[in-house]
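Below is one structure, written out as structure tokens; comments come after it.
Protein chains: 2
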Amino acid sequence: MSITTPAGFRAAATAAGLKSTGATDMALVVNDGPTHASASVFTSNRCKANPVLWSQEVVKDGTVRAVVLNSGGANCYTGAEGFQTTHAVAERVAEKLGAGAIDIVVCSTGLIGLTNPRQNLLDGVDVLADGLGEHGNAAAEAIMTTDSVSKQVVVEGPGWSIGGMAKGAGMLAPQLATMLVVLTTDAVVGPDDCDTALRAATRVSFDRLDSDGCMSTNDTVTLMASGASGITPSLEDFTEALQRACVDLAMQLLADAEGADHEIAITVLNAVTEDEAVEAARSVARSNLFKAAVFGKDPNWGRVLASLGTTDATFDPADLDVAMNGVWVCRSSTPHEPPDKVDLTARDVSVTIDLKAGDARATVWTNDLTHAYVHENSAYSS
Amino acid sequence: MSITTPAGFRAAATAAGLKSTGATDMALVVNDGPTHASASVFTSNRCKANPVLWSQEVVKDGTVRAVVLNSGGANCYTGAEGFQTTHAVAERVAEKLGAGAIDIVVCSTGLIGLTNPRQNLLDGVDVLADGLGEHGNAAAEAIMTTDSVSKQVVVEGPGWSIGGMAKGAGMLAPQLATMLVVLTTDAVVGPDDCDTALRAATRVSFDRLDSDGCMSTNDTVTLMASGASGITPSLEDFTEALQRACVDLAMQLLADAEGADHEIAITVLNAVTEDEAVEAARSVARSNLFKAAVFGKDPNWGRVLASLGTTDATFDPADLDVAMNGVWVCRSSTPHEPPDKVDLTARDVSVTIDLKAGDARATVWTNDLTHAYVHENSAYSS
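Residue numbers (the numbering used here), protein chains in the order written: chain L, 122 to 503; chain D, 122 to 503.
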């Protein structure tokens, strides 16, 4: 049950010596076709890592043959030499597969500003290319950094399937929360439909995960469609399945936040637009004061209202309702049920905000702000 | 050396029983004239506390007779009853001074969603009005919450002076970082010039203090001019002195952040506009990852670049320079001096970012993200 579950895909993993622990640190996922349709989304950070700068060009024609990934070094802000390393890795993969380098997506994760050892990566590619097989599980493990478990998903359609693997997110990945995701499918889906479905799916999954408000330089999500099942699902069915796969992986990322004590789902109801619902929910997800209060099991709804007040979302500041774990602690912007009715001992916390302004809604997921978060992120590179 | 140093001002402090510790928790600052010119700036949070809603109306005509302040309760999100409490306090002060309630600014700080005990406040006003004198120091102490020291300043002009007191800010004031500031002067300054000078001074002082990115519901800065010196400084001289007073108080707020190990000055050079310099610097000041790295004494410049990449400021992502404590660890977006040359053991940390896009500059001040911050903010209301 991995990225090699859909027909037409092979994968491999190896230890190229990038991680000081000797653990596996490179993975290769190859689409053997018959089709090579693809779509990708990347970090919106303007300061992008070299592999992102490369891969953005690769994906433009909607054709991708393989994704090569490494942990142990982000290859970000390493200058021209770093870009040449990314290029050289793509060239080597292409050579081994008999493809063009311009069809090879490259992903890296790890510390910024450190040059990845090029020869290790090139030697690693040779080992990967020779070891390709149904090794999706091994690939998912090789891309882990501080993840405590690998994240994988399979969603089945009638006669076709989607596989996915992910690493990182928020407190799990102190070094800028790099999130790398590879999705595979044997459904027959063209590049345009891949793009439409992927954007729809990421919009309500990875884009709504806001663990610590920090945006990575390396985030990459790549979907490859082999068409090997011979079955063409409707775009609607495919999108729905892809969305399920992405939400599943996003929740796995959220749940593996080692630094976190709580997973918090912030749902905004009755906003004028979905964008305003997201803006309002995200403001709460980014409030250090609110997140520290949840860590302290303190249902501090004042910090929710204060966060909402920083947004441009449409609402009457004197008429807001807030519930925590289903207890409406605030109605019409005044105290309602006693906050001590809210039990915040369980990991899952829900915050519901009623803006009373329209009929749109959205949920944003975050974690609490904990001692472990501070510890992990202050000690990571030393 | 306090807010009662300028001629024409009296102050008082008392313990009204709002704080469970029995410490002083109310203060009154009265302008005895001959002029009662004034200007104020308030939090830009749309969710404002009752005292802010009241005081915004009070200051509109440029005339303020007195500021009454309490710690021990924010009177925010307490509904109509809370607003009536604020109004009743202003009425009682006005009655005791023989003034109109519409000339009385009210400030509150403390927990959100708790109703302040009205009778305690009214009794407190009686005590304050009867005890007015040169008690600026006592007033500065009465408005403290988790502040470890009171914050005061005096700036002398030729024949006139400015006094100031402040409480709160950032990690010091876990409950939404409420910042209350009262400024007094015996210079002859009309309401319009008060407003011009105050906005110019706060723009480069309190507005550039971004301790934890959270915006208070109660922030208030009020300037009162008594004209008692009989001397009319130029607007330029007065603004310069007021700016010095505000920067001094802002630095005192920053330095008293108990949860913090470091004060961090983030300076952006060569931006296209000052606004873009502030936007770029603020993005770094709000990066939990960067702030946790400083706590860990880790000169992690990658996190600086990653923050800059989330802004709309004009720059070439491939041509950024970054220095920490004067060591240029990054030139042209690639590693330059070794990061281990940066010694982050001292409290003061400077980050300098060269955008190479124009000739504007700005500095934003923040603190590091520490275990003590998480502790204070997770335990405050319990």
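Built from N, CA and C at the ideal position, the CB exists for glycine as well.
Here the structure is a predicted model, which is why all the values come from computation and not from measurement.
* Taking 8 Å as the CB-CB cut-off, is H492 of chain D touching chain L? -> yes
* **Buried or exposed (CB count within 10 angstroms, at least 16 for buried), E497 of chain L** => buried
* Using 8 Å as the limit for Cβ to Cβ distance, is C168 of chain L near chain D? -> yes
* To do: Could you please tell me which residues of the stretch 214-235 of chain L, in chain order, have their CB closer than 9 Å to any CB of chain D?
  => L232, I233, G234 and L235
* **Among L:G183, L:L370, L:V389 and L:S499, the one whose alpha carbon lies nearest that of V303 of chain L** => L:L370
* To do: Note down, in chain order, each residue of its chain lying with its Cβ closer than 6 Å to the Cβ of K288 of chain D, except the 5 sequence neighbours on either side.
  => I264, M265, D268 and L301
* Asked: Curious, which full-length alpha helix (DSSP H) runs of at least 4 residues does the stretch 333-369 of chain D contain?
  -> none
* To do: Determine the closest residue to L139 of chain D out of D:H383, D:A349 and D:M147, with distance taken between C-alpha atoms.
  => D:M147
* **Assigned secondary structure, D475 of chain D (DSSP; H/G/I helix, E/B strand, else coil)** => strand
* Asked: Where DSSP assigns a beta bridge to E216 of chain L, which residues make up the other side?
  -> Its beta-bridge partners do not exist; DSSP assigns none.
* L476 of chain D versus G430 of chain D - alpha carbon distance -> 12 Å
* To do: Put F130 of chain L into one of helix, strand or coil per three-state DSSP.
  => strand
* Under 8 Å Cβ-Cβ, which residues of chain D neighbour G430 of chain L? -> N166, R167, C168, K169, M336 and T338
* Figure out for me which residue from D:A209, D:I225 and D:A170 has the closest Cα to the Cα of T184 of chain D. => D:I225
* Cβ of A413 of chain D within 8 Å of any chain L Cβ -> yes
* To do: Determine, using beta carbons only, whether S86 of chain L comes closer than 8 Å to chain D.
  => One cannot answer for residue 86 of chain L here, as it falls past the ends of chain L, which runs 122 to 503.
* Asked: Y198 of chain D: which of L:V425, L:N241 and L:K462 sits nearest, CA to CA?
  -> L:V425
* To do: To the nearest angstrom, report how far apart P312 of chain D and L249 of chain D are at their CA atoms.
  => 26 Å
* To do: Give a yes or no on whether 8 Å exceeds the smallest Cβ distance from V495 of chain D to chain L.
  => yes
* Top-ranked residue by Cα proximity to S408 of chain L, from L:A132, L:D328, L:L242 and L:D489 -> L:D489
* Can the beta-carbon of T323 of chain D be found less than 8 Å from the beta-carbon of V162 of chain D? -> yes
* Could you have a look at L293 of chain L and say whether DSSP puts it in helix, strand or coil? => Because the pLDDT at L293 of chain L is just 41, under 50, the model does not fix this residue reliably, and the point stays unresolved.
* Report yes if the C-beta of G278 of chain D is less than 7 Å from at least one heavy atom of the ligand ADP; otherwise report no. => Here there are no bound small molecules, and the ligand ADP is not part of this structure.
* Asked: Taking the continuous beta strand (DSSP E) assigned at R482 of chain D, which residues delimit it?
  -> A481 to N488
* Asked: W281 of chain L to L330 of chain L, Cα distance in whole Å?
  -> 28 Å
* Closer than 9 Å by beta-carbon distance: list the chain D residues that pair up with A349 of chain L, in chain order. => Result: empty, since nearest Cβ-Cβ is about 38 Å, beyond 9 Å.
* Determine the closest residue to A133 of chain D out of D:E178, D:V189, D:T164 and D:K181, with distance taken between C-alpha atoms. => D:V189
* Counting only runs that start and end within the stretch 372-422 of chain L, where is the beta strand (DSSP E) found for 3 or more residues in a row? -> 384-392
* To do: Taking 8 Å as the cut-off, decide whether the C-beta atoms of A392 of chain D and R482 of chain D are in contact.
  => yes
* So, A406 of chain D versus Q364 of chain D, is the Cβ gap smaller than 8 Å? -> no
* **Cβ neighbours of P295 of chain L in the same chain (closer than 7 Å, five flanking residues each side left out)** => Residue placement at P295 of chain L is poorly supported in this model, since its pLDDT is 41, which falls under 50; the coordinates still yield a value, given next. Closer than 7 Å at Cβ, skipping near neighbours: T267, E497, N498 and Y501.
* Can you tell me which of D:M445, D:V275 and D:C451 puts its alpha carbon nearest to the alpha carbon of P438 of chain D? => D:C451
* Nearest-angstrom Cα separation, counted from S355 of chain D out to V274 of chain D -> 21 Å
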